[in-house]
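Below is one structure, written out as C-alpha cells, with a few remarks after it.
Numbering (the working numbering), first residue to last: 13 to 370.
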C-alpha cells in the first residue's frame, strides 16, 4: 500500500462512525471519500445513508462497502490507527475501513485503464441492518451485472462466496404479578420464558444450518414482586428460506403450552437480511482469476450477513471478502493484515476487467 492510500486508511480509522452517531453526521465526517470519487470522474449523489458514485451506464459492475463501525463515539481517540509489523489496529481497521481503501484503490486503477460502467455504493448504516440504504442497494442491483463486496477477508485470507441470512426473534411472556412470597397468587413470566428459551435453543440440534441464539433477556422490576412480563431476543442465522419456516412451526409448537399456569407467550420473527447463496458463475470466474494471477486464496462460507445479499437474492453474481484480511471483528482486538491489500486489489481489478467483457 503506497503512502497516499495509507494516509486515507489512517484518516478513515481515526474518524468515528459508530452506531451512536446519526447517518447524516457519519456522511458529513466522511465527505472526503466522496471527493476522492469525484476526482476519479464519478458522478456522485448522497442518499440518507450512503454515497453513490456512477461512471458510465448500466448494466454496472457494482462495488459496495460500508464506512460505519460498531464502536461508540470517541473510540478512535481512545485507540487510534496503529501500524506495527504489517498489522493495522484501530476501530474498523478490518471491518471495514480497510475494505473501503481496497475498493477505492481498485477503482483508481480501473479508471486509469479506461474501465467504465461502474457503480460504487458506500453506506453508513450496515452495522444497523442497512435499514436506510437497502432501497438503493435493491435499485442498483436491478442494474448490475456483478457485485464486488469489500467486507474484510477472513483471517486465513479467505474470500466469501456465500453468507447466511439474518433474522431476529422476539419472545414476549405475560404473567400475573403478586407478592413474591406467595407463589400461588402469581404467574411468573421469568420462569416461563426461561423454559421457552431452553426449548427454542434445542432447535439448534435439528441438523439444519440455521442457528438461533438468545442474546438479550429482560424481566422483573423489583425483587419482592413476581414478574408479570418478560422478553427475550434471539439472533437467527439461516442459509435457505425454508429453514425460517421450520423454525416458526417449531416456535408455535413450543408456545402452544405453558409450564407456568396463567402465562401467555407470543413471538415476532422478522427477516433482516436474505442469505447470499453461492453463485456458480462467480465461483468459476474467481477460481480462474486466482489461477491466472497465481494467488492462493481459499473460498469460504460465512455465517455473518452482509449487503451483498441484496444483490445475490436478485441473481446478480456476487463475491464478498475482497477487503483487507483480518480478524477479531467487532472487538478491541480487531486487526487487519496490510500485506493482503495488493493481492485483493489485483483480484478485484481483474474481476472488473472480466465483467467488462461480458
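Positions of the beta carbon are idealized from the N, C-alpha and C atoms, including for glycine.
Remember, it's a predicted structure, so these values are computed and weren't measured experimentally.
| query | result |
| --- | --- |
| Residue 286: CB within 7 Å of a non-hydrogen atom of the ligand COA | In the structure shown, the ligand COA is absent, as is every other ligand, since no ligand is present at all. |
| Meets three-Cβ-pair contact criterion under 8 Å: the stretch 149-166 and the stretch 268-282 | no |
| Among 73, 223, 196, 220, nearest to residue 238 - alpha-carbon criterion | 196 |
| Option in 369, 250, 309, 366 with minimal Cα separation from residue 352 | 309 |
| Cβ pair count under 8 Å reaching 3, the stretch 67-79 against the stretch 137-152 | yes |
| Proximal residues to residue 159 (C-beta, below 6 Å), its chain only, five neighbours per side dropped | 74, 320, 323, 328, 330 |
| Whole-Å CB distance - residue 236 paired with residue 186, under 8 Å assumed | With 8 Å as the limit, residue 236 and residue 186 do not qualify as a contact, their Cβ atoms being about 20 Å apart. |
| Proximity of residue 262 and residue 215 at Cβ, strictly below 8 Å | yes |
| Between the CA atoms of residue 34 and residue 90 - distance to the nearest angstrom | 20 Å |
| CB of residue 364 within 8 Å of CB of residue 301, strictly | no |
| Close Cβ partners of residue 129 (< 8 Å) along its chain, the five nearest in sequence each way excluded | 67, 68, 69, 70, 71, 72, 73, 368 |
| Residue nearest to residue 317 in terms of C-alpha spacing, selected from 222, 227, 243, 344 | 222 |
| Start-to-end residues for the alpha helix (DSSP H) that takes in residue 215 | That residue, residue 215, is in no alpha helix (DSSP H); it is neither H nor E in DSSP. |
| Beta carbon of residue 134 nearer than 8 Å to that of residue 83 | no |
| Cut-off 8 Å between Cβ atoms - residues of its own chain near residue 344, not counting five sequence neighbours on either side | 91 |
| When 265, 85, 182 are compared against residue 227, the one with the closest alpha-carbon | 182 |
| Residue 334 and residue 171 closer than 8 Å at C-beta | yes |
| Sheet register partners of residue 161 (DSSP bridge) | 76 |
| Which residues DSSP lists as bridging residue 241, in chain order | 186 |
| Buried or exposed (CB count within 10 angstroms, at least 16 for buried), residue 403 | Only positions 13 to 370 of the chain appear in this structure, which leaves residue 403 out of reach. |
| Assigned secondary structure, residue 26 (DSSP; H/G/I helix, E/B strand, else coil) | coil |
| Residue 258 versus residue 109 - alpha carbon distance | 37 Å |
| Nearest residue (CA-CA) to residue 25, options 86, 285, 247, 57 | 86 |
| Distance between beta carbons of residue 244 and residue 205, contact taken as under 8 Å | 6 Å |
| DSSP-derived helix/strand/coil call for residue 114 | helix |
| Enclosing alpha helix (DSSP H) for residue 175 [first to last residue] | Taken as a continuous stretch (DSSP letters only), residue 175 belongs to no alpha helix (DSSP H), being part of the beta strand (DSSP E) at 171-175. |
| Cα-Cα separation between residue 45 and residue 174, rounded to whole angstroms | 28 Å |
| Sequence-distant residues of the same chain with beta carbon closer than 6 Å to residue 65, five excluded per side | 49, 54, 56, 132 |
| Straight-line Cα distance separating residue 94 from residue 340 | 16 Å |
| Reference residue 305; option with closest CA among 201, 20, 209, 355 | 355 |
| Which listed residue (314, 51, 293, 256) has its alpha carbon closest to that of residue 123 | 51 |
| Integer-rounded CB distance, given that residue 161 should sit under 8 Å from residue 332 | 4 Å |
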